[in-house]
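Participant: Protein chains in written order, with our numbering: chain D, 713 to 825; chain U, 76 to 186. Glycine included, each C-beta is placed from N, C-alpha and C at the ideal position. Sending over a structure as structure tokens; questions will come in a sec.
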Amino acid sequence: NAGVTQTPKFQVLKTGQSMTLQCAQDMNHNSMYWYRQDPGMGLRLIYYSASEGTTDKGEVPNGYNVSRLNKREFSLRLESAAPSQTSVYFCASSEMFVNAEAFFGQGTRLTVV
Amino acid sequence: KNEVEQSPQNLTAQEGEFITINCSYSVGISALHWLQQHPGGGIVSLFMLSSGKKKHGRLIATINIQEKHSSLHITASHPRDSAVYICAVPISSGSARQLTFGSGTQLTVLP
């Protein structure tokens, strides 16, 4: 039982390049989330998908897009990376939206130079 | 003003000590989450509670809904408890609620 699998673990991008972070969960959870974590700040929500077929903006959505490909997979895309997007990104899932235990991926450390 | 405040920011303890980490929030909530972030970066859920107290091994979480306050206690602390402990509460933002996270408490337990 893998839980939440997130790839890649590390990535270095040049400014302006694009990339997609992949996330998959095998717990049949309805809700999935993308967060970023920056030094000295709490986790901040980028986008979420409360249920399959829906996606919504979180606190810091600018510069990102998401796709809920199916119930298992939720990807995060950076169309034109900027140094301000240097961060650690976490995918998470929960059985239902917000009021349920959250399970996190191992994180992606992204550096934009 | 942060909607979720944790204290202390940093805590160093000797092995065996009783640890308390506090979390205060500013709005009414339905539940509060405690998470642990390992030195390697992985995040695991410790508790989700909406009232009273929950216990898991040496970890105890309490919440006082009226006072908008929760505490995480670790009994007989051990160096392997060294981690960042994060509390989170669902807070309405726009048309939806989302988890809002505290900035974390860095705990170091010395042997």
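Chain D partners of His-108(U), CB-CB under 8 Å?
Facilitator: Glu-813, Ala-814
Participant: Is the segment 107-118 of chain U touching the segment 148-163 of chain U in the sense that three or more CB pairs, one from each, lie closer than 8 Å?
Facilitator: Between the segment 148-163 of chain U and the segment 107-118 of chain U, the count of Cβ pairs shorter than 8 Å is three or higher; the stretches touch.
Participant: Using a Cβ cut-off of 9 Å, which residues of the segment 113-141 of chain U contact any Cβ in chain D, in chain order?
Facilitator: For the segment 113-141 of chain U, the set of residues with a beta-carbon nearer than 9 Å to any beta-carbon of chain D comprises Gly-115, Gly-116, Gly-117, Ile-118, Val-119, Ser-120, Phe-122, Met-123, Ser-125, in chain order.
Participant: Hey, how far is the Cα of Gln-723(D) from the Cα of Met-123(U)?
Facilitator: Answer to the nearest angstrom: the Cα atoms are 32 Å apart.
Participant: On the DSSP bridge assignment, give the partners of Gly-127(U) in chain order.
Facilitator: Its beta-bridge partners are Ile-138(U).
Participant: Excluding the 5 residues preceding and the 5 following Leu-790(D) in the sequence, name in chain order all residues of the same chain whose CB lies nearer than 7 Å to its CB.
Facilitator: Ser-730, Met-731, Gly-775, Tyr-776, Gln-797
Participant: Which residues in the same chain as Asn-85(U) place their Cβ atom closer than 6 Å to its Cβ, once the five residues preceding and following it in sequence are excluded?
Facilitator: Cβ-Cβ distances below 6 Å link Asn-85(U) to Gln-181 in the same chain, with the five nearest sequence neighbours on each side left out; the list follows chain order.
Participant: Would you tell me roughly how many angstroms separate the C-alpha atoms of Glu-785(D) and Cys-803(D), rounded to the nearest one?
Facilitator: 10 Å
Participant: Which residues in chain D sit within 9 Å of Pro-83(U), going by Cβ to Cβ distance?
Facilitator: Here the premise fails: no neighbours, minimum Cβ distance about 15 Å.
Participant: For Ala-163(U) and Lys-726(D), what's the separation of their Cα atoms in angstroms?
Facilitator: 33 Å
Participant: Taking C-beta pairs closer than 8 Å, name the residues in chain D that His-178(U) reaches, listed in chain order.
Facilitator: A quick correction: the sequence has Ser, not His, at residue 178(U). Within 8 Å Cβ-Cβ: Gly-752, Met-753, Gly-754.
Participant: Quick check on DSSP: helix, strand or coil for Asp-738(D)?
Facilitator: Three-state DSSP puts Asp-738(D) in coil, outside helix and strand.
Participant: Got a sec? Which residues, its chain only, sit under 8 Å from Phe-815(D) by beta carbon, not counting five neighbours each side?
Facilitator: Gly-715, Val-716, Gln-737, Met-739, His-741, Ala-804, Ser-805, Ser-806
Participant: Quick one: list the residues of chain D neighbouring Ser-105(U), beta-carbon separation under 7 Å, in chain order.
Facilitator: Contact of Ser-105(U) with chain D by beta-carbon distance below 7 Å involves Asn-811.
Participant: Can you find a C-beta in chain U that's less than 8 Å from the C-beta of Val-800(D)?
Facilitator: yes
Participant: Among residues of its own chain, excluding the 5 on either side of Leu-174(U), which ones have a beta-carbon nearer than 6 Å to its beta-carbon?
Facilitator: Ala-163, Pro-165
Participant: Assuming Ala-106(U) and Asn-782(D) form a contact by the criterion Cβ under 8 Å, report the distance between their Cβ atoms to the nearest whole angstrom.
Facilitator: The beta-carbon distance between Ala-106(U) and Asn-782(D), rounded to whole angstroms, is 28 Å. This is too long to meet the 8 Å contact definition.
Participant: What three-state label does DSSP hand Gln-797(D) in the structure shown?
Facilitator: helix
Participant: Can you check which of these residues, Leu-822(D), Val-824(D), Met-808(D), is closest to Tyr-760(D) by C-alpha distance?
Facilitator: Nearest option by C-alpha distance: Met-808(D).
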